[in-house]
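Numbering (this note's numbering), first residue to last: 523 to 812. Note that CB positions come from ideal geometry on N, CA and C, so glycine has one too. Comments concern the structure below.
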Amino acid sequence: MKSRVLILFSILGVILITFSSVMYLQGITENNIKSELIKQAEIEKLSQIKDISSHVSSDLDSVIARLTGLEDSKEFQSGKLDNMTEKLVSEKYLEINNIVDRIFVTDAKNIVRINAVPPGENRFLGYDVTNRTYVQNAISSDDLSLSDYSIGLDGKSRLYISNKITTHESGKFEGIVWATVPINSFFSRYYNIDNSSLPFMMVMDKNGTYMISPFPNLVGKSFFSSDVQSFFHNNSEVNRYTRELLAGKSGITSFDFGLGPRTVVYDPVFVNGIPQYYLILVTPNESVYS
Numbered sequence: 523m524k525s526r527v528l529i530l531f532s533i534l535g536v537i538l539i540t541f542s543s544v545m546y547l548q549g550i551t552e553n554n555i556k557s558e559l560i561k562q563a564e565i566e567k568l569s570q571i572k573d574i575s576s577h578v579s580s581d582l583d584s585v586i587a588r589l590t591g592l593e594d595s596k597e598f599q600s601g602k603l604d605n606m607t608e609k610l611v612s613e614k615y616l617e618i619n620n621i622v623d624r625i626f627v628t629d630a631k632n633i634v635r636i637n638a639v640p641p642g643e644n645r646f647l648g649y650d651v652t653n654r655t656y657v658q659n660a661i662s663s664d665d666l667s668l669s670d671y672s673i674g675l676d677g678k679s680r681l682y683i684s685n686k687i688t689t690h691e692s693g694k695f696e697g698i699v700w701a702t703v704p705i706n707s708f709f710s711r712y713y714n715i716d717n718s719s720l721p722f723m724m725v726m727d728k729n730g731t732y733m734i735s736p737f738p739n740l741v742g743k744s745f746f747s748s749d750v751q752s753f754f755h756n757n758s759e760v761n762r763y764t765r766e767l768l769a770g771k772s773g774i775t776s777f778d779f780g781l782g783p784r785t786v787v788y789d790p791v792f793v794n795g796i797p798q799y800y801l802i803l804v805t806p807n808e809s810v811y812s
């Protein structure tokens, strides 16, 4: 009887050891597979963000080229804002209205004189925009200026690209020609910006203000604000990579601030050799494993 019990326990022991060994090896195999999937995802996302950054830069360069063409044209160099200049603005608008939602011109007193817009949109002709932050920044900057996160007269979030109109002969300031880029529709062309359960993109301006995020409570707020810091639970890795990105550097990292582990790649958007906007691609690790 004793021998039978010993044999039974021996068999159970072997089964338990075998089962434990199988589970252990399975765990190692599963972890190795997950690790390999993350490595592959990192390579893919690094390539992807470089591609997106290049396309954003190219699209903004295309807008800048049109504004430069307008400013250099004989119609604008004449110092007159008339039917001829309005016709030229409308033509340029049609060339890039897949990127911008309007091109407008303000005179030397910051009054809106010309505005090419989609049908049905308010043209805001005659409006004094002197007190708008993007106008003040453009006036105090060099000839070409790209705004930070801004809100238009109609309440929509936009980027404002501007070029001062200065006559070549006299150097007289005649006004500013502007193009506006609708932030959401522009960046949604390149990547998911709404669904945080899928790989998504966030975008910041030079001040560290979130222009794009699937978390609405972050949009329009500085990363350094108490609200945003609280949202990320003052995560040291999030702070580290954000500061590195705003310094014009690219990179890759991973972290978990309470919503599960994420893999993050980041890259600045250069325009005329200067970092202007900052892209962040966030990939929930669970979306890589599934």
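Please determine whether the Cβ atom of residue i lies at a distance below 7 Å from any heavy atom of the ligand COA.
| i | result |
| --- | --- |
| Val793 | For the ligand COA, the structure offers nothing, since it holds no ligand at all. |
Please look up how many angstroms separate the CB atoms of residue i and residue j, rounded, as I've assumed it's under 8 Å.
| i | j | result |
| --- | --- | --- |
| Tyr712 | His577 | 6 Å |
| Asp623 | Pro640 | 6 Å |
| Leu740 | Phe753 | 7 Å |
| Gln570 | Leu803 | 7 Å |
Roughly how many angstroms lie between the CA atoms of residue i and residue j, to the nearest whole one?
| i | j | result |
| --- | --- | --- |
| Val793 | Ser584 | 11 Å |
| Phe779 | Leu582 | 33 Å |
| Ser718 | Leu647 | 40 Å |
| Thr764 | Lys771 | 10 Å |
| Ser667 | Ile586 | 9 Å |
| Gln751 | Glu593 | 42 Å |
| Leu781 | Lys609 | 52 Å |
| Gly591 | Pro806 | 44 Å |
| Ser776 | Ser579 | 26 Å |
| Leu768 | Ser744 | 12 Å |
| Val657 | Gln562 | 45 Å |
| Leu568 | Val703 | 26 Å |
| Asp629 | Ser707 | 29 Å |
| Arg645 | Glu696 | 20 Å |
| Arg654 | Arg588 | 23 Å |
| Asp789 | Ser662 | 28 Å |
| His690 | Asn659 | 22 Å |
| Val725 | Pro738 | 13 Å |
Pick helix, strand or coil for residue i, following the three-state DSSP scheme.
| i | result |
| --- | --- |
| Ser679 | strand |
| Arg762 | helix |
| Glu696 | strand |
| Lys614 | helix |
| Ala769 | coil |
| Leu801 | strand |
| Asp727 | coil |
| Met806 | The identity of residue 806 in the sequence shown is Pro, whereas the question assumes Met. If DSSP states are grouped into helix, strand and coil, Pro806 belongs with the strands. |
| Leu568 | helix |
| Ile574 | helix |
| Leu781 | coil |
| Ala638 | strand |
| Tyr732 | strand |
| Tyr788 | strand |
| Val517 | No statement about residue 517 is possible, as the shown extent of the chain runs from 523 to 812 and does not include it. |
Beta-carbon separation of residue i and residue j under 8 Å?
| i | j | result |
| --- | --- | --- |
| Tyr671 | Gly742 | yes |
| Phe598 | Ile698 | no |
| Pro736 | Ile705 | no |
| Asn632 | Asp650 | yes |
| Ile621 | Val611 | no |
| Ile774 | Glu643 | no |
| Ile683 | Ala701 | yes |
| Ser669 | Leu681 | yes |
Counting only beta-carbon atoms, is residue i nearer than 8 Å to chain C?
| i | result |
| --- | --- |
| Gln599 | The structure shown contains no chain C, having only a single protein chain. |
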